[in-house]
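S.K.: Numbering (the working numbering), first residue to last: 3 to 456. For reference, the structure I am asking about is given below.
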Ligand SMILES: C[S@@+](CC[C@H](N)C(=O)[O-])C[C@H]1O[C@@H](n2cnc3c(N)ncnc32)[C@H](O)[C@@H]1O
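Written out as structure tokens, the structure reads:
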């Protein structure tokens, strides 16, 4: 990524390959993100108009056009820039895809007081408050139209240009069940009573998200300034917007939210704030490749956890609580280089890489040789050994070999602890059959490394 940025960033507006370059950068990342998504998960990518249409095609390709949910327009700027060349740009696009639309269940937004206020109970219906909804709809077939006279003497005729919402039998059932309302004096044209208890427990999500509900760019800047002071971070998102995304993505109370372009860490802040509000235990993973990963991204999270004394918001002042681990990536392991002996990683780096490949999770912290036989990690059932030094002379010597004497020592140690052993090494002077009897599995390190040093 750093290499890419060094050569391509900022991508020159005159560069005819600029879109290609950008797409080449995004392509593998989107594939990886898709792999990491749970089957009922969703991805949201905020993008301005420059690359929106390219990204949409790319995401159609990677996630499948059927899994496109919508392109949310976030009305992020409420002022117009008078110095805009042609149009003052006031919104951002948020491309929203499900990993699989059939598995994904969209989250509803909390109902507002205003929405519930429309429900009343003038006829003291025991089923509770209701709202009048018409008996007709805008589409249907002419042959479905009918007229009906109820036993209270009122005749209902479907209005011109409209079509019945219910067939005649169903309408009469509703009438006999007291679900039609004929006005205060019981003589006006009827409407169906739609009970609050019947409506879905939340508000349907729209595709236009206004700054009034999810905050503006200005508000997001203010939010970060209240933590770091002015001008430290450019173009952050706001926690209100991220909270909305978390709601719509239907994130469960124990789910994980990944932001692979974390910037100022708004996502971590929003997750912690939501957890504090509703007692949830959502977790976040933030990834940032720039040097400010520690000083800004992680620092924001540290500050909001511990409390920001100068913050106006009381819960931010007191601190949102929670915890996280800050990890950095080690140098990449150059497998080709290892094969030829040109580039030999440090002992701890190689040990961590081997455990990673073996799908053993050890959390953070460096790995080191724990005894003379190369023990570096004790798992629950297996102990891991690595016979290695980043030195070709050593790797070519008998000291780097697994021989019978060493194998027996390892076997005695692991058997006393009720474990088996995996030994990584450049070579062995004992057959795997004998090793199996000793409870040891041998894994070969790149062979050339040994030969190159011999
Ligand atoms: C527009 S900013 C994100 C702003 C963020 N949403 C916020 O609220 O502050 C994009 C960030 O992604 C980072 N970035 C770009 N490519 C990345 C990559 N491959 N891995 C990690 N971070 C990356 C950039 O350094 C930048 O900080």
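Glycine included, each C-beta is placed from N, C-alpha and C at the ideal position. Here the structure is a predicted model, which means the values were calculated and not measured.
(1) Which value, in whole angstroms, describes the spacing of the CA atoms of residue 41 and residue 171?
(2) How far does the alpha helix (DSSP H) with residue 70 in it reach, from first residue to last?
(3) Using CA atoms only, rank isn't needed, just tell me which of 261, 313 and 411 is closest to residue 377.
(4) Within the same chain, show all residues whose beta-carbon is closer than 7 Å to that of residue 118, passing over the 5 residues directly before and after it, in chain order.
(5) Under a three-way DSSP split, which group does residue 317 fall into?
(6) Please classify residue 22: is it buried, with 16 or more other beta-carbons within 10 angstroms of its beta-carbon, or exposed?
(7) Residue 300: beta carbon under 7 Å from a heavy atom of ligand 1?
(8) Are the beta-carbon atoms belonging to residue 402 and residue 428 less than 8 Å from one another?
(9) Spatial neighbours of residue 261 within its chain, please: C-beta separation below 6 Å, excluding the five flanking residues on both sides.
(10) Assign residue 256 to buried or exposed, taking buried as 16 or more other Cβ atoms, counted over all protein chains shown, within 10 Å of its Cβ.
(11) Taking C-alpha atoms, which residue in 210, 247, 221 and 175 lies nearest to residue 109?
(12) Following a CB-centred definition, is residue 290 positioned closer than 7 Å to any heavy atom of ligand 1?
(13) Can you tell me the Cβ-Cβ gap for residue 101 and residue 64, rounded? I've got them flagged as a contact below 8 Å.
(14) Which word fits residue 82, buried or exposed, when buried means at least 16 other C-beta atoms lie within 10 angstroms of its C-beta?
(15) Touch check for the region 200-220 and the region 66-77: three-plus C-beta pairs under 8 Å?
(16) When burial is assigned at 16 or more other CB atoms within 10 Å of the CB, is residue 271 buried or exposed?
(17) Does the beta-carbon of residue 306 have 16 or more other beta-carbons within 10 angstroms, so that it is buried, or is it exposed?
(18) For residue 192, collect the residues of the same chain with a Cβ closer than 8 Å to its Cβ; drop the 5 residues on either side in sequence, then sort them by chain order.
(19) Using a Cβ-Cβ cutoff of less than 7 Å, which residues in the same chain neighbour residue 296 once the five nearest sequence positions on both sides are dropped?
(20) Name the two residues that bound the continuous alpha helix (DSSP H) containing residue 65.
(21) Does the Cβ-Cβ distance between residue 238 and residue 252 come in under 8 Å?
(22) Nearest to residue 393 by CA position, among 349, 434, 160 and 243, is which residue?
(23) Are the Cβ atoms of residue 53 and residue 24 separated by less than 8 Å?
(24) Starting from residue 212, trace the beta strand (DSSP E) in both directions and tell me its first and last residue.
(25) Within the same chain, show all residues whose beta-carbon is closer than 8 Å to that of residue 43, passing over the 5 residues directly before and after it, in chain order.
(26) Here's the rule I'm using: 16 or more other beta-carbon atoms within 10 Å means buried, otherwise exposed. How should residue 466 be labelled?
(27) In the DSSP assignment, the alpha helix (DSSP H) including residue 135 goes from what residue to what residue?
(28) Can you look up residue 416 in the DSSP assignment and give me helix, strand or coil?
(29) When you compare only the Cα positions, how much space is there between residue 124 and residue 62?
(30) Can you tell which of 381, 436 and 391 has its C-alpha closest to the C-alpha of residue 461?
(31) Within 10 Å of its beta-carbon, does residue 189 have 16 or more other beta-carbons around it, so buried, or fewer, so exposed?
(32) Between residue 310 and residue 229, which are expected to be in contact by the criterion C-beta below 8 Å, what is the C-beta distance as a whole number of angstroms?
(33) Please work out which residues of its chain come closer than 8 Å, Cβ to Cβ, to residue 438, disregarding the five sequence neighbours upstream and downstream, and give them in chain order.
(34) Please classify residue 370 as buried or exposed, where buried requires at least 16 other C-beta atoms within 10 Å of its C-beta.
M.R.: In terms of the structure at hand:
(1) 43 Å
(2) Here residue 70 belongs to no alpha helix (DSSP H); instead the beta strand (DSSP E) covers 70-77.
(3) 411
(4) 198
(5) helix
(6) exposed
(7) no
(8) yes
(9) 269 and 288
(10) exposed
(11) 247
(12) yes
(13) About 11 Å; that fails the 8 Å criterion.
(14) exposed
(15) yes
(16) buried
(17) buried
(18) 137, 152, 156, 158, 177, 182, 183 and 184
(19) 328
(20) 54-65
(21) no
(22) 349
(23) yes
(24) 210-212
(25) 100, 101, 106 and 251
(26) Only positions 3 to 456 of the chain appear in this structure, which leaves residue 466 out of reach.
(27) It is not in any alpha helix (DSSP H) - residue 135 instead sits in the beta strand (DSSP E) that spans 132-135.
(28) helix
(29) 51 Å
(30) Since the first residue of the chain shown is 3 and the last is 456, residue 461 is not available in this structure.
(31) exposed
(32) 5 Å
(33) none
(34) exposed
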